[in-house]
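Worksheet: the structure to be examined is printed underneath.
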Amino acid sequence: MPAVETIHRIAHVSWNAPETRPKMANDVDHSPGLNLTNRYILRNGEPWIPVTGEMHYSRQPRERWADALRLMKAGGIDVVATYVFWIHHQPTEADPNFDGNLDLAAFVQLCKEAGLEVILRLGPWCHGEVRNGGHPDWIVSADYTERTNDPRYLEAVGKWFARIGTEVAGLCGEAGPIIGIQVENELYDQPDHILALKEIARESGLFAPLWTATAWGSADIPVGEVFPLYGGYSDGFWVDTDEGWHESFRAHFSFSHQWDDPGIGKDLAGEAWTGAVGVKHPDFPAATCELGGGMATAYHRRPAPSARDIAAVALCKLGSGSAWQGYYMYVGGTNPRGGLQESHATGYPNDLPERNYDFGAPIGAHLQTRESFHRLRNQHSFLAAFGDRLASMNATIPDNDDDGALRWALRSDGRGGFVFINNHRPYEPLPERTGVRFEIGLEHGTVRFPHRPVDIPSGEFMAWPVALEVGGVVVRWATLNVLTILEPEEERPVLVLTANEGVDAHLAVPAGYSVEGHAPIEVDGELVLEGVSGLISLTNDDGAGLRVLILTARQALQAWTPRVGGRRRLVLSEADVVERDGSLAVLAAESGEIAVFPPLGEAGPNGFSQHSFTSPTKAVEVTVEQSAPASAPEERPVVVPGRASAPDQAAFEAHAARFTITVTGKALAGERSLLRLELVGDVASSSFDGREEDVYWNGSEWDIDITPAADTEQRVVEVAVYPLVASAPVWLPEPADRIRASLTEPTAKITSASVVSYREMALPQAGWAN
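Under my numbering, residues 218 to 987 are what the sequence shown spells out, in order.
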């Protein structure tokens with residue numbers, strides 16, 4: 218037990234203004250059931266916290282769109298955001314191409330079929346680390362001023378928007394999934410231009426109930442005509458090599474009523490950037506479209522945010538009052554052809570990989586799920602079950618949210634709420650917080666918890682319920698996260714809670730309740746369940762009942778909450794679980810087992826039913842042969858101060874080591890398969906079956922898509938690794954930087970090569986509807 222107790226006190230503060238509807242409130246571009254107020258978005262009259270994940274259809278093979286969308290839905294995404302990159306569709310003045318991977322209408326239709334809605338980020342200037350921000354070269358070289366109301370530019374935009382409108386005809390409006398349209402991006406000082414673009418879009422048949430614009434950088438946007446959206450990244454490639462961890466990243470690990478981030482887009486803002494921090498407009502709720510799902514790498518700076526970094530920022534935004542969680546990126550990708558990246562050659566201050574846009578996203582460029590996917594999925598499961606309540610809860614934040622105090626916030630409606638705590642921060646770890654207790658002032662009195670102090674380890678973050686009512690049963694408090702609520706037919710509902718590593722798991726209910734499955738102790742008029750785990754049953758004075766299922770921290774990362782047969786289930790699985798044809802399927806590299814609650818058929822001692830799936834064993838052999846050694850490279854030029862340039866093709870040809878990697882063993886056409894490499898080098902590229910990939914090394918594993926087009930017994934991948942030198946003018950994450958510092962000669966080597974294959978296996982269909 219902690220020796221010293223620290224009580225953190227706060228009283229619920231209600232909304233500081235009456236609920237109103239902004240000018241842009243779904244009256245003109247109407248969508249049934251969707252409304253907007255200054256507090257939240259409404260869905261069918263109920264507050265709703267949407268979860269948006271960004272995926273770029275033109276950066277994914279068309280044949281993988283459906284699989285990507287199923288994974289997004291399994292991860293708790295409600296809405297898919299996508300840029301429409303003009304340069305991808307119309308690189309020359311010839312007719313735009315909407316075939317194959319560029320078939321926008323087919324992608325939007327697939328979203329609809331998957332039960333997902335869509336935000337179109339129209340631009341026409343988008344960025345997304347795309348050449349010219351997405352403007353075709355012929356627009357950039359034209360004799361007019363782009364991104365302004367120059368009539369000649371607007372004429373070109375009008376033709377482009379009109380073609381998009383033709384493509385998605387029938388997908389806007391009441392019958393379509395498009396609920397939002399963003400115009401422009403990171404435009405700071407031209408509100409009239411944003412208005413002009415909105416009008417052109419509407420004239421082109423493009424309309425949606427939510428018109429949005431990025432508001433960070435204290436942007437001057439026509440508030441009232443567009444919904445201002447914000448962002449927050451844990452790290453970024455757009456600062457100088459030696460700048461250190463920027464304050465604009467650090468700020469997102471605190472709870473705050475400040476939503477503007479002056480750092481995003483700073484490298485491109487030019488004279489329009491003032492460094493001023495804008496204030497959220499009172500007519501709109503706090504909402505985001507770019508919470509960092511990872512980070513791209515530039516040549517000079519190569520961040521690798523951890524899963525905890527990504528999830529902690531998201532949790533801090535929820536605790537600060539977010540009414541809309543939007544991630545950039547949620548699904549990584551690959552540029553459709555060479556030369557489409559931003560670079561020093563295009564006048565951009567950063568050199569980006571020619572092909573790679575994996576972004577370290579929750580779902581990678583080749584649909585590999587990462588730990589961040591699982592950590593965010595827990596938050597999204599909570600929002601799916603309790604988001605309507607959370608949306609109506611105002612955020613109250615202590616004044617002493619600094620390094621010397623616990624970082625926490627309360628979201629409450631006065632009757633109950635959730636205490637959000639963040640004790641994670643990269644680069645500058647926060648200390649363990651010992652002896653933590655809370656006093657929360659609510660309308661019916663003060664809730665003091667836990668009954669004895671607990672410690673919060675460094676690196677942990679959480680959201681604990683206070684006075685949470687479910688089915689008439691009240692959980693007074695718990696030092697556990699809320700995951701979801703299950704409502705089995707003709708049975709008591711089940712509240713699912715999850716533990717944190719190193720945090721004592723306690724729960725309390727009012728005295729007088731009946732408790733089965735755990736022996737409580739009475740403390741100050743409450744029944745406290747200490748060190749609670751497994752399944753317990755609660756019954757209140759009126760006979761209403763609730764079951765509570767407590768998962769360990771490890772089980773939480775395996776927890777999926779799909780809706781099958783109209784009911785939410787809890788599935789514990791190491792393999793990815795997706796909905797398919799009214800049942801479930803797993804995506805796995807090998808055989809395994811899932812656990813289901815409520816059980817399908819016979820339950821085991823823990824209340825779950827166990828179900829095995831079998832993947833046919835296909836042994837493969839991987840051999841790596843070096844065909845050419847690396848040679849000492851020239852010093853990298855620094856054409857932009859603080860930002861070195863990547864090696865060009867000539868330098869690569871002259872100095873890169875060459876490897877031939879042979880994968881021997883049966884591989885089926887279209888069966889997703891990745892070659893996973895660990896290497897040490899500066900830059901690497903690969904070629905397989907006509908597909909090229911590349912990477913700026915930052916110590917992370919590199920996955921290369923080796924999915925065959927036809928059945929084969931052998932696959933050959935050519936890999937080139939440009940050597941890394943100890944003096945390379947690039948910023949690397951600490952583990953990679955230690956390796957770089959230890960080098961005594963130019964190094965280009967592959968240290969490990971393995972193959973990961975994903976196979977879809979259906980689970981038994983019987984019983985899901987019960």
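Using N, Cα and C, we set each Cβ at its ideal position, and we do this for glycine too.
Remember, it's a predicted structure, so these values are computed and weren't measured experimentally.
Please list the terminal residues of the continuous beta strand (DSSP E) segment that includes residue i.
i      : result
Ile336 : 334–340
Glu977 : 976–979
Asp284 : No beta strand (DSSP E) contains Asp284, which is instead part of the alpha helix (DSSP H) from 282–291.
Pro670 : 662–673
Asp354 : Element bounds for Asp354: not the beta strand (DSSP E) but the alpha helix (DSSP H), 354–357.
Ala425 : Run containing Ala425: none; DSSP gives neither H nor E here.
Phe576 : From DSSP, Phe576 is part of no beta strand (DSSP E); its letter is neither H nor E.
Trp265 : 263–265
Gly689 : Per DSSP, Gly689 belongs to no beta strand (DSSP E) and is neither H nor E.
Trp919 : 919–922
Leaving aside the five residues before and after residue i along the sequence, list all residues of the same chain whose C-beta is less than 7 Å from its C-beta, in chain order.
i      : result
Ala513 : Glu346, Phe454, Leu569, Tyr574, Phe576
Trp282 : Tyr274, Phe324, Leu327
Gly821 : Gln827
Ala836 : Gly882
Val745 : His668, His723, Ala725, Pro737, Ile738
Cβ of residue i within 8 Å of Cβ of residue j?
i      : j      : result
Phe876 : Ser904 : no
Phe635 : Pro667 : no
Ser829 : Leu817 : no
Val297 : Gly262 : no
Leu949 : Arg519 : yes
Val942 : Pro854 : no
Ala418 : Leu371 : no
Asp902 : Glu910 : In the sequence as displayed, the identity of residue 902 is Ser instead of Asp. A contact, by the Cβ cut-off of 8 Å.
Pro353 : Gln307 : yes
Leu659 : Asp284 : no
Pro522 : Tyr547 : no
Gly652 : Thr223 : yes
Thr964 : Val897 : yes
Gly509 : Ser451 : yes
Pro727 : Glu743 : yes
His225 : Phe655 : yes
Asn366 : Asp409 : yes
Ser808 : Ser790 : no
State the CB to CB distance for the pair residue i and residue j, rounded to an integer number of angstroms; the pair is presumed to be in contact (CB under 8 Å).
i      : j      : result
Ala776 : Leu700 : 6 Å
Trp428 : Val443 : 5 Å
Pro615 : Ile227 : 6 Å
Leu752 : Gly762 : With 8 Å as the limit, Leu752 and Gly762 do not qualify as a contact, their Cβ atoms being about 13 Å apart.
Ile396 : Glu334 : 5 Å
Val720 : Ile673 : 6 Å
Ile527 : Ser589 : 4 Å
Counting only the same chain and skipping the five closest in sequence on each side, list residues whose C-beta sits under 6 Å from that of residue i.
i      : result
Pro264 : Tyr257, Asp605, Ala608, Ser609
Ala979 : Ala802
Glu384 : Phe315, Leu321, Ala322
Arg889 : Thr924, Tyr975
Arg594 : Gly292, Gly293
Ser421 : Phe378, Ala379, Gly382
Val230 : Thr613
His641 : Arg525, Ala529, Gly676, Phe678
Gly729 : Asp758
Met218 : Interpretation of Met218 is limited by its pLDDT of 49, a score under 50 that renders its predicted location unreliable; the figure taken from the coordinates is listed afterwards. Within the same chain, Met218 has no close Cβ partners at all.
Ser971 : Arg893
Quick check on the DSSP output: the alpha helix (DSSP H) that includes residue i runs from which residue to which?
i      : result
Ser523 : From DSSP, Ser523 is part of no alpha helix (DSSP H); its letter is neither H nor E.
Asp605 : 588–608
Phe305 : One detail in the question is off: residue 305 reads as His in this sequence, not Phe. Where His305 is concerned, the enclosing alpha helix (DSSP H) stretches over 303–306.
Gln772 : 770–773
Trp377 : 368–384
Ala413 : 408–420
Glu951 : 951–959
Phe324 : 321–330
Excluding the five sequence neighbours on either side, which residues of its own chain have a C-beta within less than 8 Å of the C-beta of residue i, listed in chain order?
i       : result
Leu446  : Gln399, Thr429, Ala430, Thr431, Ala432, Ala504, Thr505, Cys506, Glu507, Trp541, Gly543
Arg628  : Leu535, Gly536, Gly538, Leu607, Met610, Asn611, Ala612, Thr613, Gly634, Phe635, Phe637
Asp1001 : Nothing about residue 1001 can be read from this structure; the chain reaches only from 218 to 987.
Unbroken beta strand (DSSP E) runs of length 3 or more, entirely within the region 427–506: which are they? The region 427–506 contains these whole beta strand (DSSP E) runs: 427–431, 444–449.
Within the region 720–760, note down every full beta strand (DSSP E) run reaching 3 residues or more, in order along the chain. 724–727, 731–733, 738–740, 743–746, 751–756, all fully within the region 720–760.
Start-end ranges of the beta strand (DSSP E) lying completely within the region 818–874, minimum 3 residues: You should have 826–830, 838–845.
What beta strand (DSSP E) runs, 3 residues minimum, are completely inside the region 877–910? Within the region 877–910, the complete beta strand (DSSP E) segments at least 3 residues long are 890–897, 900–905, listed from N- to C-terminus.
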